[in-house]
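Residue numbers (my numbering): 6 to 107.
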């Protein structure tokens with residue numbers, strides 16, 4: 006049985022945000038968990054924000070469909086793309102400038 010923190014056990018962080026590059030099975034699961042934990046999930050993929058609008062709407066007000074560049078500018082960024090696709094996925098990202106990249 007998976008463990009889930011109760012809302013009262015979560016730290017009191019207002020508008021914590023996470024950028025997610027790649028919204029396949031792994032990226033979308035991370036986005037769902039982030040939203041459930043009260044974080045803003047900035048989701049992106051190579052097809053662009055329009056392809057993610059329905060998914061973001063499904064997740065609710067804490068999800069934002071964005072470009073890869075926008076997602077990469079969050080303080081915490083999750084790369085959820087196949088290893089072979091990393092060079093193409095990150096073409097639009099100039100540098101990581103102190104971000105946490107997972």
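Backbone N, C-alpha and C fix where the C-beta goes; we use that ideal spot for every residue, glycine too.
Is the beta carbon of residue i less than 8 Å from the beta carbon of residue j?
{"i": "residue 78", "j": "residue 32", "result": "no"}
{"i": "residue 26", "j": "residue 86", "result": "yes"}
Would you decide whether residue i is buried or exposed? Buried here means 16 or more other CB atoms lie within 10 Å of its CB.
{"i": "residue 93", "result": "exposed"}
{"i": "residue 56", "result": "exposed"}
{"i": "residue 106", "result": "exposed"}
{"i": "residue 96", "result": "exposed"}
{"i": "residue 91", "result": "exposed"}
{"i": "residue 99", "result": "exposed"}
Output the boundary residues of the alpha helix (DSSP H) element that contains residue i.
{"i": "residue 36", "result": "30 to 41"}
{"i": "residue 96", "result": "Run containing residue 96: none; DSSP gives neither H nor E here."}
{"i": "residue 85", "result": "That residue, residue 85, is in no alpha helix (DSSP H); it is neither H nor E in DSSP."}
{"i": "residue 46", "result": "Unbroken run through residue 46 is the beta strand (DSSP E), 45 to 49; no alpha helix (DSSP H)."}
{"i": "residue 55", "result": "Per DSSP, residue 55 belongs to no alpha helix (DSSP H) and is neither H nor E."}
Just to confirm my understanding: we take residue i, look at its own chain, exclude 5 residues before and 5 after, and list those with CB closer than 8 Å. What are they?
{"i": "residue 101", "result": "77 and 82"}
Rounded to whole angstroms, how far is the Cβ of residue i from the Cβ of residue j, which I believe are closer than 8 Å?
{"i": "residue 71", "j": "residue 48", "result": "7 Å"}
{"i": "residue 21", "j": "residue 44", "result": "5 Å"}
{"i": "residue 80", "j": "residue 54", "result": "20 Å between Cβ atoms; not a contact."}
Looking at the ligand MG, does it come within less than 7 Å of residue i, judged from the CB to the closest heavy atom?
{"i": "residue 41", "result": "The ligand content of the structure shown is nil, which means the ligand MG is not present either."}
Provide the residue span of the beta strand (DSSP E) that contains residue i, from first to last.
{"i": "residue 76", "result": "Premise fails: residue 76 lies in the alpha helix (DSSP H), 73 to 77, not in any beta strand (DSSP E)."}
{"i": "residue 68", "result": "68 to 70"}
{"i": "residue 22", "result": "22 to 26"}
For residue i, I'd like the list of residues in its chain whose CB is within less than 7 Å of its CB, leaving aside the five on either flank, ordered along the chain.
{"i": "residue 68", "result": "36, 40, 46, 48 and 61"}
{"i": "residue 64", "result": "36, 37, 40 and 46"}
In its own chain, which residues sit with a C-beta less than 6 Å from the C-beta of residue i, not counting the 5 before and 5 after it?
{"i": "residue 74", "result": "97"}
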